[in-house]
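Below you'll find the structure, written out as structure tokens, and then a few comments.
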Amino acid sequence: MLEIAVHITQVLLALGAAGAVYRVYKGPSVLDRVISLDVMLIIVASMMIVDMVVNDHQDFILFVVVTAVIGFLGAVAIARYVVVRSPEEVAEETAEQDPFPEPPTSPVLPGVLGENEPETPHDPVSTPAMPGIDDKEDESTSWFSALTRSGFTPRPLDENDAAEEEAVDSEPAESDSAGSDSTESDSTVPKKQEDRDA
Amino acid sequence: MLESLDLDLVLDALASVLLVIGGLMSLAAGIGLVRLPDLHSRMHAATKPQVLGLLSLLLAAAITWRAWEWVPIVILAWGLQLLTAPVSAHVVGRSGYRTKHMRRDLLTHDELASAVERISKDQPPERR
């Protein structure tokens with residue numbers, strides 16, 4: 001009975017590894033590949049556990065212990081790397097995917113899903129190359145300003161936030177550059193991202 | 199004699215079930231990695247074999263070895279995984295949010311959006 005279970009388990013693990021390999025090959029971003037490689041690492045450790053079960057030895061248990069630390073370090077290091085490199089990457093992606101970007105000064109009515117790409121930086125000159133190394137910023141909020149600099153403001157999806165946002169939009173006091181940029185990119189976020197993963 | 203044989207049979211059956219459960223977890227991770235649409239939902243699928251799959255496989259191994267002295271090491275392996283998997287998932291998800299590797303139209307609620315909006319309005323214009 002144990003042998004049958006071991007064979008079934010090996011087949012299931014192989015199928016899971018195949019899925020992870022497919023995602024490593026296909027994955028649109030580095031982070032997809034990171035999590036897929038984490039899964040593959042766990043599957044390798046699982047294979048070693050299965051081998052220990054079959055042959056009744058304990059030689060690989062140290063690897064299973066070390067696996068946790070290895071996957072953790074790899075994911076953290078690569079995630080930090082992605083954070084620093086992200087604005088150029090996103091700018092490249094959006095430039096590739098949107099052949100006809102509207103000029104950034106074009107007004108977009110709230111509630112109308114425009115065709116322009118909101119994630120394109122509105123002023124590429126003023127977008128710094130490495131916002132993570134910007135000096136004299138509060139560490140806990142520096143990524144907010146990095147997001148803002150890239151011309152991207154998340155769109156609140158529930159109704160309370162939407163009502164709040166419309167109230168803010170109609171205020172004349174918000175007509176400075178910060179307000180206009182954020183309201184401009186608000187309503188255009190969700191349409192375009194369907195095309196990215198398709 | 200008969201009792202010990204029965205115990206062996208029961209433990210083997212338990213180990214077999216646990217092995218198949220662990221394999222099913224990694225199969226679920228593979229299917230989820232292939233099928234799910236964006237980074238955060240793929241992360242949801244990818245954490246299945248890291249905790250529950252590894253737990254069941256390690257339990258199966260410990261049951262098959264029939265030795266108590268390996269149980270602390272098994273617990274250590276699983277505990278390390280349990281400690282580090284949320285940290286790496288948090289870091290990957292955070293950088294995924296910051297670098298926009300996500301599909302916002304699939305979210306039901308974005309709790310960070312209001313905070314980002316508030317702070318981005320507080321930013322002075324020369325910082326932008």
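Residue numbers (my numbering), protein chains in the order written: chain A, 1 to 198; chain B, 199 to 326. Just so it is clear, CB atoms sit at the ideal spot from N, CA and C, and this is done for glycine as well. Given the structure is predicted, the values throughout are model-derived calculations rather than measurements.
TODO: Step through the CB atoms of chain A and report whether any lies within less than 8 Å of the CB of S286 (chain B).
DONE: yes
Task: Partner residues on chain B for Y22 (chain A), Cβ-Cβ distance less than 9 Å - done: G228, L231 and V232
TODO: Let me know if W266 (chain B) comes out buried or exposed under the rule of 16 or more other beta-carbons within 10 Å of its beta-carbon.
DONE: exposed
- [ ] Please state whether DSSP places S332 (chain B) in a helix, a strand or coil.
- [x] It is not possible to answer for residue 332 (chain B), since the shown part of chain B is limited to 199 through 326.
TODO: Taking only the alpha-carbon atoms, compute the straight-line gap between R292 (chain B) and A244 (chain B) and give it to the nearest angstrom.
DONE: 16 Å
TODO: Look at the alpha carbon of G230 (chain B) and the alpha carbon of V53 (chain A), and state the distance between them as a whole number of angstroms.
DONE: If I take the Cα positions, the gap works out to 27 Å.
Open item on the list: Would the region 17 to 27 of chain A count as touching the region 57 to 73 of chain A if we require 3 or more Cβ pairs under 8 Å?
Closed with: no
TODO: List the residues of chain A that W268 (chain B) touches, going by C-beta distances under 9 Å, in chain order.
DONE: Q58 and I61
Open item on the list: Spatial neighbours of V6 (chain A) within its chain, please: C-beta separation below 7 Å, excluding the five flanking residues on both sides.
Closed with: V50, V53 and V54
Open item on the list: Please classify L320 (chain B) as buried or exposed, where buried requires at least 16 neighbouring CB atoms within 10 angstroms.
Closed with: Residue identity check: residue 320 (chain B) is Asp in the sequence provided, not Leu. Exposed, since its Cβ has fewer than 16 Cβ neighbours within 10 Å.
Task: L212 (chain B) at chain C interface by Cβ criterion, 8 Å - done: Any reference to chain C falls outside this structure, whose protein chains are A and B.
Task: Nearest-angstrom Cα separation, counted from S224 (chain B) out to V208 (chain B) - done: 25 Å
Task: Cβ pair R240 (chain B), D32 (chain A) closer than 8 Å - done: yes
TODO: In angstroms with no decimal places, state the Cα-to-Cα distance between G216 (chain B) and G277 (chain B).
DONE: One point to set straight first is that residue 216 (chain B) is Leu, not Gly, in the sequence displayed. Going from the Cα of L216 (chain B) to the Cα of G277 (chain B) covers about 18 Å.
Open item on the list: Looking only at its chain, what residues have a beta carbon closer than 6 Å to the beta carbon of S254 (chain B), apart from the 5 residues adjacent to it on each side?
Closed with: L216, I219 and G220
Open item on the list: Looking at chain B, is there any beta carbon in it that lies within less than 8 Å of the beta carbon of T105 (chain A)?
Closed with: Because the pLDDT of T105 (chain A) is 46, which lies under 50, any placement of that residue in the model is unreliable, and the question is left without a value.
Task: CA-to-CA distance, G228 (chain B) to S312 (chain B), given in whole angstroms - done: 34 Å
Task: Whole-Å CB distance - L2 (chain A) paired with S214 (chain B), under 8 Å assumed - done: 5 Å
Task: Whole alpha helix (DSSP H) elements within the region 202 to 273 of chain B, 4-residue minimum - done: You should have 237 to 244 and 252 to 263.
Task: is_contact[L253 (chain B), chain A] using C-beta, thresh 8 Å - done: no
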